[in-house]
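**Student:**
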Amino acid sequence: MFQGLDKMDDCWVLVVDDSSLMRQLLLSSLKQVCKVSAVESAEQAIDVCRDAQPDLVLMDWVLEGMSGIEACKKMQRIPELSEIPVIFVTSNTSEANQELCWEAGAVDFVPKPIVPKTLQNRVKTHLKYKRQTDLLKQYSFVDGLTGIYNRRFFDLEIVRLLKQASRLQQPFAAMMLDIDFFKKYNDEYGHLKGDDVLRQVATALKQQVKRPIDTVFRYGGEEFVVLLPNTAKKGAKIIAEQLVAAVKNLCIENRGSPLEVVTVSVGLAFLAEGEYCDTTQLLHRADSALYNAKDTGRNKYTV
Ligand code: GH3
Ligand code: MG
Ligand code: MG
Ligand code: MG
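Residue numbering for the sequence shown follows the numbering used here, beginning at 1123 and increasing consecutively.
1. Taking DSSP as the reference, what is the three-state secondary structure of Lys1196?
2. Which same chain residues end up closer than 7 Å to Asn1308 when comparing Cβ atoms and leaving out the 5 residues on each side of it in sequence?
3. Take every Cβ of the stretch 1297 to 1312, pair it with every Cβ of the stretch 1327 to 1346, and state whether three or more of those distances are shorter than 8 Å.
4. Could you check what DSSP says for Pro1176 in three-state terms: helix, strand or coil?
5. Nearest by alpha-carbon distance to Lys1250: which of Pro1233, Val1384, Ile1200, Asp1128 is it?
6. May I have the straight-line CA-CA distance separating Cys1171 from Ile1280, to the nearest angstrom?
7. Run the CB neighbour count on Arg1145, radius 10 Å, all protein chains shown included, and call it buried at 16 or more, exposed below.
8. Do Thr1401 and Leu1284 have their beta-carbon atoms positioned less than 9 Å apart in this structure?
9. Can you pull every residue whose C-beta falls closer than 7 Å to some heavy atom of ligand 1, listed in chain order?
10. For Val1237, does the count of other Cβ atoms within 10 angstroms reach 16, so buried, or fall short, so exposed?
11. For Gln1292, which of Thr1212, Ala1368, Lys1355 has the nearest alpha-carbon?
12. Within the present structure, is the beta-carbon of Ser1163 separated from the nearest heavy atom of ligand 2 by less than 8 Å?
13. For the candidate residues Leu1412, Tyr1413, Ala1362, whose alpha-carbon lies nearest to that of Lys1332?
14. At a cut-off of 8 Å, would you count Val1331 as near ligand 2, judging by its Cβ distance to the nearest heavy atom?
15. Give the secondary structure of Ala1228 by DSSP, where H, G and I count as helix, E and B as strand, and everything else as coil.
16. In angstroms with no decimal places, state the Cα-to-Cα distance between Lys1234 and Val1264.
17. Between the C-alpha atoms of Val1319 and Met1181, what's the straight-line distance to the nearest angstrom?
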């Protein structure tokens, strides 16, 4: 399962140090291990981490402006940065100072002056842990059949996104989709062909949902959920319409369906700006709308 984890060529380490001599030393000793770049302040480091998340940060303590300790604490509070491991590389080696590094959330501590071989091996070990964690996350949050996010990830994301919508006073839209007459499809063409349809439908849905903040999940057997943060009624209806059309336009024959091809029905639920509801209430709304779409002809969306 974890083959190739010793290959570090693709990993990227960010060095933060205000001394150009130290930056040169760290860059030259680490470039034998992985990709590496350097910045001279904590503020720059946080900007770089927000733009493109490195696999590991080597943090100096004493910097101009924000200190390494403050930067590490700040990264812990920013969700998309909180899982980037930080190693302190510093000459502040007293016991009390080392304690401050652990409290700030560091994963390791390397004293200056550095011993290149030791630093390289510490970095290798942490990169290996990071890759294992990333892989485990991928295995646990991605559906094996379709390659899109699974129910487990949905359960986490929906809670986070509803809180975010409420905090930012933004509208929110959720769609529940269900393939029409899919039992008949399986009966007619077999389960393997059915699996193939699930993959094609998942890909078509993902292609239609273009903003990076929008997500498609496989919710259950042949049911999908699409979450659209900061999306009002009008925009969501357009997307629902496009999703229904995209699946129909795959033109996958389904002799068991009166519609003759594979189609989906969609139930749409909204949250207005400033409105709050929990996951159960939102899904209940989407589910009722879905049943309405099923009852009134399928191959359509209903609010
Ligand atoms: P409706 O239009 O009312 O939704 O009719 P339906 O036949 O799609 O009914 P229902 O939603 O109850 O059927 C779900 C079917 O989806 C049953 C099951 O055989 C099939 N299914 C669920 N998961 C999978 C899967 O992973 N692979 C395949 N091939 N079929 C699946
Ligand atoms: Mg310094
Ligand atoms: Mg179903
Ligand atoms: Mg169905």
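C-beta: ideal position from N, C-alpha, C; glycine also.
**Tutor:** The structure says:
1. Here the question's residue 1196 lines up with position 74 in the sequence shown. Reduced to three states, the DSSP call for Lys1196 is helix.
2. The residue you call residue 1308 lines up with position 186 of the sequence shown. Gly1316, listed in sequence order.
3. yes
4. By 1-based counting over the sequence shown, the position of residue 1176 is 54. Looking at Pro1176 - three-state DSSP - the assignment turns out to be coil, as it is neither helix nor strand.
5. By 1-based counting over the sequence shown, the position of residue 1250 is 128. Ranking Pro1233, Val1384, Ile1200, Asp1128 by Cα distance to Lys1250 puts Asp1128 first.
6. Counting from one through the sequence shown, the residue named residue 1171 turns up at place 49. Counting from one through the sequence shown, the residue named residue 1280 turns up at place 158. Looking at the two C-alpha atoms, the distance is approximately 25 Å.
7. Position 23 of the sequence shown, counted from the start, is the residue given in the question as residue 1145. Per the 10 Å Cβ criterion, buried.
8. Here residue 1284 refers to the residue found at position 162 when the sequence shown is read from its first residue. Here residue 1401 refers to the residue found at position 279 when the sequence shown is read from its first residue. Judged by their CB atoms, Leu1284 and Thr1401 are nearer to each other than the 9 Å cut-off.
9. Leu1267, Asp1300, Ile1301, Asp1302, Phe1303, Phe1304, Lys1305, Lys1306, Asn1308, His1313, Gly1316, Asp1317, Leu1320, Gly1343, Glu1344, Ser1387, Lys1416, Arg1420
10. Mapped onto the sequence shown, residue 1237 falls at position 115. Exposed, by the Cβ-count rule.
11. Counting from 1 along the sequence shown, the entry for residue 1292 is found at position 170. Closest in alpha carbon position to Gln1292, among Thr1212, Ala1368, Lys1355, is Lys1355.
12. Numbered from its first residue, the sequence shown carries residue 1163 at position 41. Every heavy atom of ligand 2 is 8 Å or more from the Cβ of Ser1163, so no.
13. Residue 1332 sits at position 210 when you count from the first residue of the sequence shown. Selected option, being the one with the closest Cα: Ala1362.
14. Along the sequence shown, one-based indexing puts residue 1331 at 209. Val1331: no, Cβ never under 8 Å from ligand 2.
15. Locating residue 1228 in the sequence shown gives position 106, where the first residue counts as 1. In this structure, Ala1228 counts as coil in the three-state DSSP scheme.
16. Against the sequence shown, residue 1234 aligns to sequence position 112. Against the sequence shown, residue 1264 aligns to sequence position 142. Looking at the two C-alpha atoms, the distance is approximately 41 Å.
17. In the sequence shown, residue 1319 corresponds to position 197, counting from 1. In the sequence shown, residue 1181 corresponds to position 59, counting from 1. In a straight line, the C-alpha of Val1319 is about 49 Å away from that of Met1181.
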